[in-house]
Amino acid sequence: MTSGEAAAFKLDGKTILTAVRGTEQTPISVDDGLHEIEIRQINSAPAQTLTLEWSGPDTDGQRKVLDGTILDGQAFLPEMPTEIPEPEYEEEVQVAQAMPPPAPEIVWPEVKHATPSLGMGLEGLADWSAQMPFIDLMKFARPWTGHVGEQWGGYDHDALRADGFMDQSGWLKAIPENVSSVQTVVLTSLPEESTNLIGRYRLTWEGEGDIEVLGANISGISPRPNAIWFRFTPGDGGVAISITRTNPENYIRNLRLVHESNIEAMEAGVLFNPDWIEKIEDLRSIRFMDWMQTNNSAVTGWAERPSLDRYTYTDSGVPVEIMIALANQIGADPWFNMPHQADDEYVRRFAEYVRDHLDPELRSYVEYSNEMWNYSFQQTHWAAAQAETRWGAEAANDGGWMQFYGGRAAEVAMIWDDVYGPEAEARVINVIATHTGWPGLENYFLDAPLWTTETGRDRPATYFDAYAVTGYFGIELGLDRVEEVLGWIDDSHAAAEAEAEAKDLSDAARAAFVSEHRYDQASKVTADALRAGSLGELIRDTLPYHAAAATAAGLQMVMYEGGTHIVGVGEAVQNEALTEYFNHFNYTPEMAALYSELLDGWKAAGGTLFNAFVDVSDPSPWGSWGSLRHLEDENPRWDTLQRFNESEPAWWEDRLPEAFDQGVHLRGTEQNDMLKGTYEEDVLLGGPGDDTLMASGGADHLHGGAGEDVAILTGSRQDYEFRREGPALLASRNSVTTWLVAIETVVFSDKPDERIRLDTIVR
170 MTSGEAAAFK LDGKTILTAV RGTEQTPISV DDGLHEIEIR QINSAPAQTL
220 TLEWSGPDTD GQRKVLDGTI LDGQAFLPEM PTEIPEPEYE EEVQVAQAMP
270 PPAPEIVWPE VKHATPSLGM GLEGLADWSA QMPFIDLMKF ARPWTGHVGE
320 QWGGYDHDAL RADGFMDQSG WLKAIPENVS SVQTVVLTSL PEESTNLIGR
370 YRLTWEGEGD IEVLGANISG ISPRPNAIWF RFTPGDGGVA ISITRTNPEN
420 YIRNLRLVHE SNIEAMEAGV LFNPDWIEKI EDLRSIRFMD WMQTNNSAVT
470 GWAERPSLDR YTYTDSGVPV EIMIALANQI GADPWFNMPH QADDEYVRRF
520 AEYVRDHLDP ELRSYVEYSN EMWNYSFQQT HWAAAQAETR WGAEAANDGG
570 WMQFYGGRAA EVAMIWDDVY GPEAEARVIN VIATHTGWPG LENYFLDAPL
620 WTTETGRDRP ATYFDAYAVT GYFGIELGLD RVEEVLGWID DSHAAAEAEA
670 EAKDLSDAAR AAFVSEHRYD QASKVTADAL RAGSLGELIR DTLPYHAAAA
720 TAAGLQMVMY EGGTHIVGVG EAVQNEALTE YFNHFNYTPE MAALYSELLD
770 GWKAAGGTLF NAFVDVSDPS PWGSWGSLRH LEDENPRWDT LQRFNESEPA
820 WWEDRLPEAF DQGVHLRGTE QNDMLKGTYE EDVLLGGPGD DTLMASGGAD
870 HLHGGAGEDV AILTGSRQDY EFRREGPALL ASRNSVTTWL VAIETVVFSD
920 KPDERIRLDT IVR
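Sequential numbering from 170 applies to the sequence shown in this note's numbering.
This is the structure:
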């Protein structure tokens, strides 16, 4: 058997032989009769050639050849006769002892091209968030709090920074004299249903000092040198990490907290939690508004951007490098929000980084700030002040803040287009957004006569590609219909009681029945009210209006946020009965049906990308925004969004078939495994056996685990530069880096017979 890259030969379902870029042969003894022979080609190129030669008593001693180009699918030999003559053997040949050990079973990655249509906003980072996006939990830890004496707090994060107690990354260089400890908190009040979070965790750090781990949900605390192990179970409360002493000459730094199951992945440079990636990897677009802490941002210049080595990303937002890494890994168009006070250099440097590092098949949605019409946010007040400074107090009577928004957003769009040059049309989608419930407001920022007169430029509308709206419904239920909703709840509970009475249930069964069905009637009534109310109006009137406005401006209509807005407002936030019902209704089949109607109405109105808000968030009195409530959640609303994403391929544009592909996350078994990556970003984690990990040229992460493990790298030895980073060896080629950990030997695809010990490459 000769393979252009790698192939496996199976007889009756058992792997007999593998060939890796070369020729392999072995004697095989088979019993009389029909046998199933399977040949699988392992390749990253579109097609490879594989040749199979065989001989036996029925070939008169001649070698027979089967060759051809291997494509996806199955190939069949010519039809065999129904009666097979029994061969005559001079003597039985015993080959069992001559056969090599069975070749490792191949784990086949599933690589599918898709044309998804759904976008989704990502929940903002917080220690209480159920999103869990990073393997290193410190990246969404709460900012430091210093405890003065016996009291909680008294010396907050900003004071610690202002007084010089933190280094540039936020690690504590010293502890103030009047502070007994400095503390951060993680894993706070997470849903008990998040059983994937149960388990042992390891906290590690560098430097000298004393650290404690505290919390009602932890047990089995085991201190080690520069490490603490503990067991965690989700529920009320959190995990406090408390520094009580640090050596200013070698202060505690680089804390990392990881679940035991992800230690090898973290060692191999993996950033993102595989449980979370599994939920979002098939999206078409991910909106980073909350990750970038867009609302109320204080960022003005490039030097103020979040840094990669920041101890937590909750205090200043997620670095652009991390956002690009995520978009590339899952194959999704990123949606960036430029800070409202950011200067031109910030915008240009950001655009240049994205241009140089985002997969070229992907496109960037670029929006200036977020909801500049919304006076709940500081950016809107700032825009109004800017308009008054430039155009006088009378500008306030002429939509001055929106005219300023349109003008500055156009300037941001021009910078991005300039950075990309001729590629801008294919790789950048500049977005301008409106207040969906304020028809006519769009004229101020699309035309902006004050700005055009001042600058001499064209109207802002000419600099954009997309006009963004929201698709929210249901706010009236928690605003001016609260008493009506409470009546529906009471009636529904009474109906469940009556039904239980009619069924003549025992006390325990009765209570269980009422608990399960107490909202059934209310859910149906609520859904009908929304169809007759805000959802019906949105589909019937509002979306068609904005579709016409977008068309008139020569723009496509996109949705920047959408879905349920059913939440208590004002005093209603404190109504526990209302909150409990809203948190239930937002995940019912009735809500799923409303989402389905909204999605259909959006498409019918001429909408393009639909952005659901948000991915994962635990419901609370302040809203049920999460499409998932936690990473193990299953609910009808999420299912409806996923079905739409899979069954409604993007109808508004054609893209390369591979644009939205993503790599694989494979974990080996107890046996000797062969793990094969794709041409995208892959995570290959070997088990205790002697494993072969085949990287295919993406930004891959390989960890061999125990055993003698081999990595196969595409290309030649001369293509790569190697360097050490902790336990990892980083192999870089053409600006793409592959992480190698616990790999003893490497094979380069141009010399498949030559094995090189890694410790001879970099010592």
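Idealized CB from N, CA, C, for every residue including glycine. Being a predicted model, the structure only gives us computed values, none of them experimental.
Checklist entry - In terms of DSSP beta bridges, what is E890 paired with? => result S901
Checklist entry - What residue does the alpha helix (DSSP H) around T733 start on, and which one ends it? => result Counting along the chain, T733 falls outside any alpha helix (DSSP H), though it belongs to the beta strand (DSSP E) covering 725 to 733.
Item to check | For I455, the residue or residues it bridges with in DSSP | outcome: BP columns for I455 point to M289, P503.
Next on the checklist: Taking 8 Å as the cut-off, does the segment 430 to 443 touch the segment 398 to 413 (at least 3 CB pairs, one atom from each stretch)?
Outcome noted: Remark: fewer than three beta-carbon pairs, one from each stretch, lie closer than 8 Å, so the segment 398 to 413 and the segment 430 to 443 are not flagged as touching.
Checklist entry - Are the beta-carbon atoms of N780 and G290 separated by less than 8 Å? => result yes
Next on the checklist: In the DSSP assignment, the alpha helix (DSSP H) including Y809 goes from what residue to what residue?
Outcome noted: This sequence places Thr at residue 809; Tyr is not what is there. 805 to 816 is the extent of the alpha helix (DSSP H) around T809.
Checklist entry - Sorted by chain position, which residues of the same chain lie with C-beta nearer than 6 Å to Y574's C-beta, five sequence neighbours on each side aside? => result M541, A552, F614
Item to check | Under the three-state DSSP convention, the category I491 falls into | outcome: helix
Item to check | Continuous beta strand (DSSP E) stretch holding S349: start and end | outcome: 348 to 355
Item to check | CA-to-CA distance, I881 to W908, given in whole angstroms | outcome: 12 Å
Next on the checklist: Alpha carbons only, please: which of A578, R886, N423, Y641 is nearest the one belonging to S338?
Outcome noted: In terms of Cα proximity to S338, the closest of A578, R886, N423, Y641 is N423.
Checklist entry - Is there a Cβ from chain C that is less than 8 Å from the Cβ of V427? => result Of the protein chains in this structure there is only one, and it is not chain C.
Checklist entry - What distance in whole Å lies between the Cβ atoms of F441 and I304, which are believed to be in contact at a cut-off of 8 Å? => result 7 Å
Checklist entry - Under three-state DSSP, which class holds D842? => result strand
Checklist entry - Where does the unbroken beta strand (DSSP E) through G438 begin, and where does it stop? => result No beta strand (DSSP E) contains G438, which DSSP labels as neither H nor E.
Item to check | Three-way DSSP call (helix, strand, coil) for S136 in this model | outcome: The structure shown does not extend to residue 136, since the chain spans only 170 to 932, so no value can be given for it.
Item to check | Neighbour-count burial assignment, G318, 16 or more Cβ in a 10 Å radius | outcome: exposed
Checklist entry - Among M307, R524, V738, R924, which residue has its Cα nearest to the Cα of V354? => result M307
Checklist entry - Assuming L287 and N755 make a contact with CB atoms under 8 Å, what is their CB distance in whole Å? => result Not confirmed; about 18 Å, so no contact.
Next on the checklist: For L477, count the other beta carbons within 10 Å of its own beta carbon; 16 or more makes it buried, fewer makes it exposed. Which is it?
Outcome noted: Exposed.
Checklist entry - How far does the alpha helix (DSSP H) with I584 in it reach, from first residue to last? => result 569 to 589
Next on the checklist: When you compare the segment 704 to 715 with the segment 636 to 653, are there three or more beta-carbon pairs, one atom per stretch, that lie closer than 8 Å?
Outcome noted: When Cβ pairs closer than 8 Å are counted between the two stretches, the segment 704 to 715 is seen to touch the segment 636 to 653, the count reaching three or more.
Checklist entry - Where does the unbroken beta strand (DSSP E) through T373 begin, and where does it stop? => result 368 to 375
Checklist entry - Around the Cβ of Y764, are there at least 16 other Cβ atoms within 10 angstroms (buried) or fewer (exposed)? => result buried
Checklist entry - Is S485 near the ligand ATP, judged by its Cβ being under 7 Å from some heavy atom? => result The ligand ATP is absent from the structure shown, which contains no ligand whatsoever.
Next on the checklist: Between the segment 742 to 757 and the segment 790 to 806, can you find at least three pairs of beta-carbon atoms closer than 8 Å?
Outcome noted: yes
Checklist entry - Taking buried to mean at least 16 other C-beta atoms within 10 Å of its own C-beta, is A719 buried or exposed? => result The residue in question, A719, is buried, as its Cβ has 16 or more Cβ neighbours within 10 Å.
Checklist entry - W821: buried (16+ other C-beta within 10 angstroms of its C-beta) or exposed? => result exposed
Item to check | Cβ shell of L646 (< 6 Å), same chain only, five flanking positions each side left out | outcome: V654, I735
Checklist entry - So, helix, strand or coil for I930, using DSSP? => result Coil.
Checklist entry - Rounded to a whole number of angstroms, what is the C-alpha to C-alpha distance between D955 and A496? => result The requested residue 955 does not occur in the structure, where the chain is confined to residues 170 to 932.
Checklist entry - In whole angstroms, what separates the C-alpha of G500 from that of I493? => result Cα-Cα distance, rounded: 10 Å.
Checklist entry - So which of P857, P921, F782, G874 has the shortest CA-CA distance to I449? => result F782
Item to check | Reduced DSSP category for L531 - H, G, I as helix; E, B as strand; rest coil | outcome: coil
Checklist entry - For the alpha helix (DSSP H) that contains P790, what are its first and last residues? => result Careful: P790 lies outside any alpha helix (DSSP H) and carries neither H nor E.
Checklist entry - Residues in its own chain within less than 7 Å of Y848 by CB, not counting five upstream and five downstream? => result S213, S865, G866, G867
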